[in-house]
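Residue numbers (the numbering used here), protein chains in the order written: chain W, 110 to 218; chain H, 17 to 209; chain R, 10 to 517; chain E, -6 to 553.
Ideal Cβ placement from N, Cα and C applies to all residues, glycine included.
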């Protein structure tokens, strides 16, 4: 259906969103904001995986959809990571009453 | 036509991502993030991976976004107003690093010939006479994913189940409210301006 | 070809049918589909919703020994339009300091998710607006948007009660989504497909309603209960518990925006009834239709009869070219895996009679069959059968709607912690147990083409198992309720449920 | 690929399955039988239960290694459609991880630092099993998934001391850094997948080495991929630009968890790094042309920075856990030298074996060091170095044990740490070609750094032996502290006198388990037993460390 789109366009989109996510990681102070930026980066990697899977070819003996499986498991991991992250942030919020990563000052980092 | 659609979609998605990064209000950021997830799902559809698109909507918009909103609600004031901003040099650092990463990535994508040559995606026709494993996998991704998970990726499949269990249990343990802070008295909300 | 032998027909029939359909789609078809969508989504469904609302008011009135609306029109039949006009002309207010865009976005999202859910329901043969190969997955994913919309509604109206209701609602939706999806799994297992069309066909032409089996009954009940909780109907309507939090997440909504929520809620009720009907009540099929179908029907090719001829059954929405016998060959792979080509001699109704000479038990190769068969020119038998199927379908749906009103008029509202622990400690374990029992049913009845005796035996076995599971779960729950130590309830689930709830309420 | 699973795979994989069930069982025990008991009582019983499971699966691993897998499985000992290694690499490293886990489990029983014991021990067991899967993984998907499972379990264990603020903070910092790094790592993996179309490590290495011009020359995307993957691994093993989480996490986490972070996760991550860097990206290692330095140059920079920074920062630490954290950072620097040697040396298996030798010894000594920290943490509540004052006077045996450990960490003969450094550095010096100069410089820097590290390790010894305690005496440490401490020191001494035993085992493992991407593939016969040539090392001329630079002269004939 959409075979006029060259592969590189998807890669450009993925790269751009990856860079934006990295920027968010560096610029957000709020831990949940950092978490969102990480999600953006993971999504960028997923787009890469699926684009490469659809355009490239699969070597023998590795099953027909390696990239898709990778993206699938990455989505699972992301869900688990967000759950744990929100739990940790909640724990710290109960202690400090802030959710900013640079407000936690017990350890002389 | 489809290219214009793609360009519009991607521009919208990148704008949403920028909004996620820059929005002052965290709930707005989460909304932008949801829109970005949706754009990614649309990209999956453009890549003929409708199954992945459905999974993306189900898990990211249905679960991850809601979880993040809960996190915001429980850690900020009710309206989730983001009042903390980073210092100027951190901003410059962030923009600089992101820009350089972007430039290097674009150079890399342009410089790698096998990718730039792939203008047209390979077709895997599925007819009565001829078909390929790939073609089957594309038009019937759900059963193929199921079979892969039960044959080749059985260990990752089980491990993912274990990962989710561990994450659930651990998140419950951490979020469980027990008043065991060493200095609860000093836990006053700071004056945010 | 490595994987073909692993695939059952249900993997590929709907997918390829849909592909062939879209490949040969022409403008007339597009117009027809536009009509479907337009008429369906802008005329029929709102009308249905309007009269569902009226019906609820009437039924509730009867339950409470009142008459109900009877002023506007004969028997108050025009009441919905009066309400509609009232909602239209009311002023719709956005609270001060609220995010107006999100405030309008939230009800629209609710409506969109409800409509999208309805988009894959097969109301009749060929009457599924879209027949996605992974329709159930799509359905679950779009219905999970509703949680987001409720949350946004609560957040965007700058009102503590709205937010409280929204948090409750989201926690409830997220918790009840799990048993809902898990109760669907047996259906996927039995029909071997995620496409709702092929699920209905499996029940209609092959196995009979999925309800008619102990795990089916349990799954249907679980699905119904968790769906009622998903659409925030009584007794699970805590998000809008007017006695505790004024009207929950739509406290601040007025005028047509509230009307949109209203529409969305009742559309959701209609949608879940359609879903339950499609999954467990065999769609538009008559109660025992599946059993009277040919025993070997699900193999697509009947064993040879005395006349050394083999009959190829077709799905009803596949039509053959006018003269199938002209150079029309069908590849059929048998159990051993070797493929033979067969010449079609003639057809009888929906059956093709194949020229063959040696008696083998056959399994049709989905590819060749469908690619040869699917020419979606919708001809007479399709319409005629729809004349029967659509009323049957709607009859089932409206019966379920009535059951939901009945429940609402009968049961009191659940307490909020009981709500959570019911989801996590009763529904989820039962759903998991149900999946296991469903596999036993699959192995006893469906994989070996079980006749009446096999079904009877399976009824005994799985019935005992199901009853045992239900008894066990409820017993454990009673004990854990009686455990007087609230901190360490003897199951993990309860702790998670409690702590989720605790976090939800305490964080505010 | 044949569709359908082989039952033997599950038999080989049974220790992991047992561990999974064991974690769930400990959760259920905590919630049903032990419900309502005192926290310390639950700690003890659950700890013993977990110990039982760990020991059982350790024995099972050894049984499998000798009976099912066999002594010489060859390179094709893959299970589950080639996604996992089912050979000696799997079984032996599983045994090592389990040994570390057993010691950590003993340490966890020292004092009751949390109330959620069921969850704690479940996390311990599950992180151990995901480390095993990580070590055994031959596929990028399995590798990434197990890496994530391991780190998520470790975040949770780090933050589980809910009575202390620093624990929660350490958990959050570890989580933020770790998840960012895994996102970067994943993007790098996606680029590699795009260049090869495969996720299997072996075939990635094959494809990359058989392209028309192997190496990174002009391949910016590959360079970015290598960079991102290196960032990911750097975070996991706390190499220097990415080390910020490590001191906080080690200090904030309870001592057993810190020991687990420093030993188990570092072992698994480094083995995975050797696999990915040497196996998959091996053909991008060497400097082919001045335009494409290959990842060796970058890794050399990281390694130099890591060992130097770690050592010089450790000099000024007063907190024992923090000191050990910085020392583990510097050890990561040394190990990266071994990784570089694996990447470019001609004797990759031997280099990997030397690296693994170092890893094992390092893990043992680190756990013992944290056992010390756990002891004073139990009794004093704080773990400053001053709290150790006068320990050696009152407990001479412990003093001797700690002395052995510290000497081994410095790398002074006859302890095993010395031989670890020796083997690794000699393998590093064995490389030829364009990077020889780099390696010589690295080794010199490494030796200099071990001299520097002597100062802070000696400080601990000084506190133990020379100073007088101002505070009261420590309560006698129970068996749960003594076991890790003495196991560590005894093994250190044993392998100090008989290094060849461990080294041979490691060479056996790396010969049979590791597949490296090589341009000109020297014929490796499938049965590894024939290939093993234990390196007999001239001990005498290297009695003190200075002439170690001149060892290749003697080592060359011995090496091949």
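Does the pairing of the region 238 to 249 of chain E with the region 391 to 403 of chain E give three or more beta-carbon distances under 8 angstroms? Contact check between the region 238 to 249 of chain E and the region 391 to 403 of chain E: fewer than three CB pairs, one atom from each, fall below 8 angstroms, which does not count as touching.
With a 10 Å radius around its C-beta and 16 neighbouring C-beta atoms as the bar for buried, classify residue 320 of chain R as buried or exposed. Residue placement at residue 320 of chain R is flagged as unreliable, the pLDDT there being 46, under the threshold of 50; a coordinate-derived value is accordingly withheld.
Please classify residue 100 of chain R: is it buried, with 16 or more other beta-carbons within 10 angstroms of its beta-carbon, or exposed? With fewer than 16 neighbouring CB atoms inside 10 Å of its own CB, residue 100 of chain R falls in the exposed class.
Taking 7 angstroms as the threshold (beta carbon to beta carbon), is residue 158 of chain E in contact with chain W? Residue contact with chain W for residue 158 of chain E: present (Cβ-Cβ distance below 7 angstroms to some residue of chain W).
What in chain E is Cβ-close to residue 166 of chain W, meaning under 8 angstroms? For residue 166 of chain W, the chain E residues whose C-beta falls within less than 8 angstroms of its own C-beta are 190, listed in chain order.
Please classify residue 555 of chain E: does DSSP put it in a helix, a strand, or coil? In the structure as shown, chain E begins at -6 and stops at 553. Residue 555 of chain E is therefore absent and cannot be evaluated.
Any chance the region 263 to 273 of chain R sits against the region 105 to 118 of chain R, with 3 or more Cβ pairs inside 8 angstroms? Taking one beta carbon from each stretch, the region 263 to 273 of chain R and the region 105 to 118 of chain R have 3 or more pairs nearer than 8 angstroms; the two touch.
Would you report the Cα separation of residue 157 of chain H and residue 67 of chain H, rounded to the nearest angstrom? Rounded to whole angstroms, residue 157 of chain H to residue 67 of chain H spans 6 angstroms at the Cα level.
Quick one: list the residues of chain H neighbouring residue 149 of chain E, beta-carbon separation under 9 angstroms, in chain order. The answer, in chain order, is 182, 183, 185, 186, 187, 189 and 190.
Label residue 130 of chain H either buried or exposed according to how many other C-beta atoms from any shown protein chain fall within 10 Å of its C-beta, with 16 as the threshold for buried. The residue in question, residue 130 of chain H, is exposed, as its Cβ has fewer than 16 Cβ neighbours within 10 Å.
Closer than 7 angstroms, CB to CB, is residue 208 of chain W near chain E or not? Not one chain E Cβ lies under 7 angstroms of residue 208 of chain W.
With which residues is residue 130 of chain E paired in a DSSP beta bridge? DSSP output for residue 130 of chain E lists E/77 as bridge partner(s).
Closest by C-alpha distance to residue 120 of chain R, when choosing among R/242, R/278, R/199 and R/296: Comparing Cα-Cα distances from residue 120 of chain R to each of R/242, R/278, R/199 and R/296, the minimum goes to R/278.
Reducing DSSP to helix, strand and coil, say where residue 209 of chain W ends up. It is a strand residue.
Whether or not the region 150 to 169 of chain W and the region 115 to 134 of chain W are in contact is what I'm after, with contact meaning three or more pairs of Cβ atoms, one per stretch, closer than 8 angstroms; do they touch? The region 115 to 134 of chain W vs the region 150 to 169 of chain W: in contact.
Assuming contact is defined by CB atoms lying nearer than 7 angstroms, are residue 447 of chain R and residue 195 of chain R in contact in what I supplied? In terms of Cβ geometry, residue 447 of chain R and residue 195 of chain R form a close pair [threshold 7 angstroms].
If you compare alpha carbons, which of E/22, E/181, E/92 and E/123 is closest to residue 151 of chain W? Checking every option, the nearest Cα to that of residue 151 of chain W belongs to E/181.
Under 8 angstroms by beta carbon: chain H residues contacting residue 20 of chain E: Chain H residues near residue 20 of chain E: 185.
Using the beta-carbon count (16 or more within 10 Å), is residue 121 of chain H buried or exposed? Classification for residue 121 of chain H: buried.
Between which two residues does the alpha helix (DSSP H) harbouring residue 126 of chain R extend? Element bounds for residue 126 of chain R: 109 to 127.
Report the three-state DSSP secondary structure of residue 468 of chain E (helix, strand or coil). Here residue 468 of chain E carries a coil assignment [DSSP, helix/strand/coil].
What is the DSSP secondary structure of residue 79 of chain R, reduced to helix, strand or coil? Three-state result, residue 79 of chain R: coil.
Give the interface partners of residue 213 of chain E over in chain H, defined as CB-CB distance under 9 angstroms, in chain order. Within chain H, the residues near residue 213 of chain E are 120, 121, 123, 124, 125, 126, 127 and 128.
Measure from the alpha carbon of residue 421 of chain E to the alpha carbon of each residue in E/93, E/340 and E/61, then state which is nearest. Here the closest residue by C-alpha is E/340.
Which residues in chain W have a C-beta closer than 9 angstroms to the C-beta of residue 186 of chain E? List them in chain order. Against chain W, a Cβ distance below 9 angstroms from residue 186 of chain E picks out 157, 158, 161, 162, 165, 175, 176 and 179.
Anything in chain W within Cβ reach of residue 145 of chain E, meaning under 7 angstroms, just list it in chain order. For a Cβ distance threshold of 7 angstroms, residue set 189, 190 and 193 of chain W lies close to residue 145 of chain E, ordered along the chain.
For the putative contact between residue 62 of chain E and residue 75 of chain E, defined by C-beta atoms under 8 angstroms, what is the C-beta separation to the nearest angstrom? No, residue 62 of chain E and residue 75 of chain E are not in contact; Cβ-Cβ is about 16 angstroms, not under 8 angstroms.
What in chain W is Cβ-close to residue 274 of chain E, meaning under 9 angstroms? Under the 9 angstroms cutoff, chain W gives no residues; its nearest Cβ is about 17 angstroms from residue 274 of chain E.
For residue 439 of chain R versus residue 412 of chain R, is the C-beta distance shorter than 7 angstroms? For residue 439 of chain R and residue 412 of chain R, no; Cβs fall outside 7 angstroms.
Extent of the continuous alpha helix (DSSP H) to which residue 389 of chain E belongs: According to the DSSP assignment, residue 389 of chain E belongs to the alpha helix (DSSP H) that extends over 389 to 403.
Taking Cβ-Cβ distances shorter than 8 angstroms, what residues in chain H pair up with residue 213 of chain W? Contact of residue 213 of chain W with chain H by beta-carbon distance below 8 angstroms is absent, the smallest such distance being about 12 angstroms.
List the residues of chain H that residue 186 of chain W touches, going by C-beta distances under 8 angstroms, in chain order. Scanning chain H for C-beta atoms nearer than 8 angstroms to the C-beta of residue 186 of chain W yields 176 and 179, reported in chain order.
Within 9 angstroms of chain H by C-beta, residues of the region 138 to 154 of chain W in sequence order: Per Cβ criterion, the list reads 138, 139, 140, 141, 142, 144, 145, 146, 148, 149, 152 and 153.
Which of helix, strand or coil DSSP assigns to residue 561 of chain E: Because chain E spans -6 through 553 in this model, residue 561 of chain E falls outside it and cannot be assessed.
Which of helix, strand or coil DSSP assigns to residue 337 of chain E: Here residue 337 of chain E sits in helix by DSSP.
By the three-class DSSP mapping on this structure, what secondary structure does residue 382 of chain E have? In the structure shown, residue 382 of chain E sits in coil (DSSP, three-state: anything other than H, G, I, E or B).
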